[in-house]
Structure formats: structure tokens, C-alpha cells
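Take a look at the structure below.
Protein chains: 2
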Amino acid sequence: MADTKQRLLDGALLAVRRHGIAGASARTIAAAAGVNQALVFYHYGSVDELLAAACLSATRDRVSVWSNEFRSVANLRELLDLGRRLHAKERRHGNVSVLAQFLAGAQTDPRLAEATRAALALWTTEIEDVLRRTLANSPLAQIANIPALAGAISAAFVGIELYEGVDAAGAQRAFDALDEMAGLLELVDELGPIATRALRGKVTKVAKTRR
Amino acid sequence: MADTKQRLLDGALLAVRRHGIAGASARTIAAAAGVNQALVFYHYGSVDELLAAACLSATRDRVSVWSNEFRSVANLRELLDLGRRLHAKERRHGNVSVLAQFLAGAQTDPRLAEATRAALALWTTEIEDVLRRTLANSPLAQIANIPALAGAISAAFVGIELYEGVDAAGAQRAFDALDEMAGLLELVDELGPIATRALRGKVTKVAKTRR
DNA sequence: GTCTATAGTAGGATAGAC
DNA sequence: GTCTATCCTACTATAGAC
Numbered sequence: 003m004a005d006t007k008q009r010l011l012d013g014a015l016l017a018v019r020r021h022g023i024a025g026a027s028a029r030t031i032a033a034a035a036g037v038n039q040a041l042v043f044y045h046y047g048s049v050d051e052l053l054a055a056a057c058l059s060a061t062r063d064r065v066s067v068w069s070n071e072f073r074s075v076a077n078l079r080e081l082l083d084l085g086r087r088l089h090a091k092e093r094r095h096g097n098v099s100v101l102a103q104f105l106a107g108a109q110t111d112p113r114l115a116e117a118t119r120a121a122l123a124l125w126t127t128e129i130e131d132v133l134r135r136t137l138a139n140s141p142l143a144q145i146a147n148i149p150a151l152a153g154a155i156s157a158a159f160v161g162i163e164l165y166e167g168v169d170a171a172g173a174q175r176a177f178d179a180l181d182e183m184a185g186l187l188e189l190v191d192e193l194g195p196i197a198t199r200a201l202r203g204k205v206t207k208v209a210k211t212r213r
Numbered sequence: 003m004a005d006t007k008q009r010l011l012d013g014a015l016l017a018v019r020r021h022g023i024a025g026a027s028a029r030t031i032a033a034a035a036g037v038n039q040a041l042v043f044y045h046y047g048s049v050d051e052l053l054a055a056a057c058l059s060a061t062r063d064r065v066s067v068w069s070n071e072f073r074s075v076a077n078l079r080e081l082l083d084l085g086r087r088l089h090a091k092e093r094r095h096g097n098v099s100v101l102a103q104f105l106a107g108a109q110t111d112p113r114l115a116e117a118t119r120a121a122l123a124l125w126t127t128e129i130e131d132v133l134r135r136t137l138a139n140s141p142l143a144q145i146a147n148i149p150a151l152a153g154a155i156s157a158a159f160v161g162i163e164l165y166e167g168v169d170a171a172g173a174q175r176a177f178d179a180l181d182e183m184a185g186l187l188e189l190v191d192e193l194g195p196i197a198t199r200a201l202r203g204k205v206t207k208v209a210k211t212r213r
């Protein structure tokens, strides 16, 4: 059945959630999936291959769930707020630190690295679209490299996810701190026409010297 | 000898660098340290315990190496520049992704979690001092929770480290993007007395409503 | 496609000689 | 303190019955 392949994908994620990437073996995965251990190799050839497939498939699922929310984000603060809701909800379902686990495992496993890079790119693309849209009329757009900034945001988010695993309260405070920073950017935006024009002028100057 | 305990600490790091946290076994560690495998258990009781000790000891070493540099940082941009130099140099010595590896392993291992939290706190404290010093005269200080912001910065840094493992060019671009953001903050700082006063006023207002 | 059985390997941990 | 030898467990992967 095609059902078994799917169960193995789900089982792989469950095993990573429960035991970390290090403890996700053919046996723990099969147990979590409720299928026979040999089927891992029959359907996917190796544990690594299954993990890579699970990483991509799961990320595709989650991104598509949040895709509409990303589309409705109107400014940086809302993006941060979405990030926070996403963090909270996905964590409750245990879907969060999984990507971070894959990322860690990818450091020493090329096959996993390829899949993880692709999975992260799915999130980054969503953020990129938001930035392009929300920064369209901002001086920031002139100075910022949007895809690069999107990558930085994704990476930072993953870092805070990992941080949460060792210091939950600290991670919560970190999100608060980013809220404060976003609030500051908002204040800059509301400074009034004179200051805004001055800032825009400076930014344009800097942007020129960069080219 | 006390020498053997040290060799095991070094071997543990070497093993994590080479094989990731998942591949750091008593055997690979002992091989990297050039000592007998049984000594892991004689000196540290278990592999986890050795890894925890290695994480703390190594972080203490690295932090003390960079401590003077942290002390000479005068503004946010210099902090970012230090972060970049730190990233480059430590990575060349392979000392970088180690903390990220520990952090990933810590997600499913309480003993490792404790040590990793403490190790990360060593870096965070350094950053906290820098922020407190450099933001002393900035409107930012009123609005920002300095320890929380330091935590966010540490976590984000670790995230970019992990990101580098799957997409080196992307990580490089992420640093560039953060440079651009720091540049923007600098521009805001240089806006001139009128705009600065306006911003300061707004910030004070916001800060009040928060209390 | 799915199962059992098993070969072969690697790892955690300990006992006991030196 | 350090070594060899070893036990036991868990893992990857495959062969072969059904």
C-alpha cells in the first residue's frame, strides 16, 4: 500500500520528535509507525533516505498550512506575531524542533543536508515574499538584500527553537526582545515626513555607494 | 594523570566536530583522544557526562579568548563585526558548530541540556555586557530588555551557524543582511537632533505604557 | 508487500589483570 | 590509572518464506 509509505514518513517524524535525530533508527521509526522494521529498507532503501523524505514532506505540509497566514501579513510586526503564533502552535504539536534536529543531523550527513537545505528554503521563500511586499514602500527595501534577510530570519528562528529546548523561559524572553525591536522600527516609520525624508536620503546615499 | 582527563575532553570535541553529536561515542571519542575506551567510564562515568563536561570546558576556553574583544566593542555594528570575525576564525578551527551540535543533542538529553544552557549563558553574558555599555545613551536602552535581547542574539547566531552547515553561501549572505540592518540603526542614530528627540519622545511614551 | 529470522557491526558499560 | 577482554544491547541491512 501507499499507506505504509506515508505511515513511515509520519513514524520518522514521531521518532525524531521523541528521540532526536540521533535516536531515530529504523527500529524506533518502525515502532512509531506501527509497521515492520524491514519495510524501512524495502520502501526507502536506507534510514537516511527515509529521514530526508520525511523532512521534505513534513515541511511541505506545514508550509502549506501557514501559507495563507503569510499572505495576509502586512508589516514586520505582523510577521513577528505570525512567527510567534507559528512557534506556539507547531510546538504544541511537536512539529517545531524537528527541523532544527534535521539541521543538526545534516551537519555530518550530506544526504540529509541536501533535504534540509531544500526544506528550509520552503520557509525562506514564504518570508521572502512577505518582506518584498511589506518593505515595498519602505526605505529599507533600498538597502536590504531581501532573500538574504529572509535567510537570516529563518536561521534565527531555528536558533531560537533550539534555544527553547534548553531554556524555555529564555526563548520566550527572546521573542519579547524581538517584539521590542520591531516596535522600534515601527516608531522610526512613524517619525513624520521630515525625519522620514532625511532617513530616506541617507539610505539612498548609502545604497548608491554599495553599487 | 590529569592529562588523560584533558585529552578526553579534547577528544570529545574532536569527535563531535568530526561525526556530529550523534556519532560521538565512547569509542570515537577515545580514538580521537588517543586513549583507551574504558577510560571514558573510569573518569567520567558515562559518555553523556563527558560530553557535558567537554561542552562547558570548551566554551569557557573560547569565551575567555574573545573576552577582551568583547570589552572593546563600542557599538552595535562593531558587535556584529566581532560576531563575524568570531564566526570565521572559530569555524576555521572547527570550534563553531560544536555548540550547535550540543544544543541539538540537548533537546532529548536532560544532562546535556543543563550543560548546554550553562555554556550558552557564558556567551550571552558577554553580549549582555556589550549591549548594556553600547546602548547606555541610546533610546533603545529604555525600550529593550537587555538580557532578553542578548539571548535572542546568541540564539540567532547559533541558528546561522547551523544554517552554514547546509548552505554556506546562504549563511554568508545572512550575515551581510544583518550588516545592512545594523547600518540602518546607525543611520537612525545620526538623523540629527530634531528627529532624535522625536524618536526619544515616542520611545519614552511606549516605555511608560509598558510598565 | 509484508513478515520472520538472522548476519554482521557498533556502542555502553563492567570485570579483572597489571 | 590504564589496559584487555567481554557481556549485552541496539543498530543496519539482507535473505527468504508467505
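So the sequence lines, in the order shown, correspond to chains R and B. Convert by adding 2 to the 1-based position in the first sequence; the result is the number in the working numbering. Convert by adding 2 to the 1-based position in the second sequence; the result is the number in the working numbering. Think of the CB as a built atom: it goes at the ideal place given N, C-alpha and C, for glycine as much as any other residue. In this text, all values refer to a predicted model and were calculated from it rather than measured experimentally.
Whether residue i touches residue j by CB criterion (8 Å)
i        : j        : result
R/ALA35  : R/ARG9   : yes
B/ALA28  : B/LEU53  : no
B/GLN109 : R/SER99  : yes
R/GLY107 : B/ALA115 : no
R/LEU180 : B/LEU105 : no
R/LEU133 : R/ALA152 : yes
R/TYR46  : R/ALA55  : yes
R/VAL42  : R/ALA33  : no
R/LEU11  : R/SER59  : yes
R/THR126 : R/CYS57  : no
B/VAL18  : B/ALA26  : yes
R/ALA171 : B/ALA158 : no
Contact belief for residue i with residue j at Cβ below 8 Å, rounded distance in angstroms
i        : j        : result
R/ASN147 : B/ARG175 : 7 Å
R/LEU84  : R/PHE72  : 7 Å
B/LEU201 : B/PRO112 : Not confirmed; about 45 Å, so no contact.
R/ILE162 : R/ALA173 : 5 Å
B/LEU78  : B/LEU187 : 6 Å
R/ALA150 : B/ASP178 : 6 Å
R/THR61  : R/LEU124 : 5 Å
R/ILE208 : B/VAL190 : Residue identity differs from the one stated: residue 208 of chain R is Val in this sequence, not Ile. About 12 Å separates the two Cβ atoms, so there is no contact after all.
B/LEU16  : R/VAL168 : So it is not a contact: roughly 23 Å between Cβ atoms.
R/LEU193 : B/ALA197 : 6 Å
Burial state of residue i, where buried means 16 or more other Cβ atoms lie within 10 Å
i        : result
R/SER69  : exposed
B/VAL67  : exposed
R/LYS204 : buried
B/ASP5   : exposed
R/ILE145 : buried
R/ALA76  : exposed
B/GLY249 : Nothing about residue 249 of chain B can be reported from this structure: the residues present for chain B run from 3 to 213 only.
B/THR30  : buried
Residue i CB to nearest heavy atom of the ligand FMN below 7 Å
i       : result
R/ALA26 : No copy of the ligand FMN occurs in the structure displayed, which carries no ligand at all.
#### Entry: Residues within the segment 154 to 173 of chain R neighbouring chain B, beta-carbon criterion of under 9 Å
ALA154, ILE155, SER156, ALA157, ALA158, PHE159, VAL160, GLY161, ILE162, GLU163, LEU164, TYR165, GLU166, GLY167, VAL168, ASP169, GLY172 and ALA173
### Message
Any C-beta of chain B within less than 7 Å: which residues of the segment 78 to 89 of chain R qualify?
### Response
none
### Query
Quick one: complete beta strand (DSSP E) runs, 3+ long, within the segment 49 to 86 of chain B?
none
### Query
Any residues in the segment 97 to 117 of chain R with a beta carbon nearer than 7 Å to a beta carbon of chain B? Which ones, in chain order?
SER99, ALA102, GLN103, LEU105, ALA106, GLY107, ALA108, GLN109, THR110 and ALA115
### Task
Only counting runs of 4 or more residues, tell me where the alpha helix (DSSP H) segments fall wholly within the segment 145 to 212 of chain B, in order along the chain.
148 to 168, 170 to 191 and 195 to 212
### Task
Would you list, in chain order, the members of the segment 175 to 196 of chain R that have their beta-carbon closer than 8 Å to a beta-carbon of chain B?
ARG175, ALA176, PHE177, ASP178, ALA179, LEU180, GLU182, MET183, GLY185, LEU186, LEU189, VAL190, GLU192, LEU193, GLY194 and ILE196
### Message
So if I threshold CB-CB distances at 8 Å, which residues from the segment 20 to 39 of chain R count as touching chain B?
### Response
ARG20, HIS21, GLY22, ILE23, ALA24 and GLY25
### Task
Could you list the residues in the segment 138 to 152 of chain B with a C-beta less than 9 Å from some C-beta on chain R, going in chain order?
PRO141, LEU142, ILE145, ALA146, ASN147, ILE148, PRO149, ALA150, LEU151 and ALA152
### Message
Please list, in chain order, the residues of the segment 198 to 209 of chain R that have any C-beta partner in chain B closer than 7 Å.
### Response
ALA200, LEU201, LYS204, VAL205 and VAL208
### Query
Can you give, in chain order, each stretch of the alpha helix (DSSP H) that sits fully within the segment 92 to 128 of chain R and has at least 4 residues?
99 to 108
### Task
Any chance you could list the alpha helix (DSSP H) runs of at least 4 consecutive residues sitting entirely within the segment 9 to 39 of chain B, in chain order?
28 to 35
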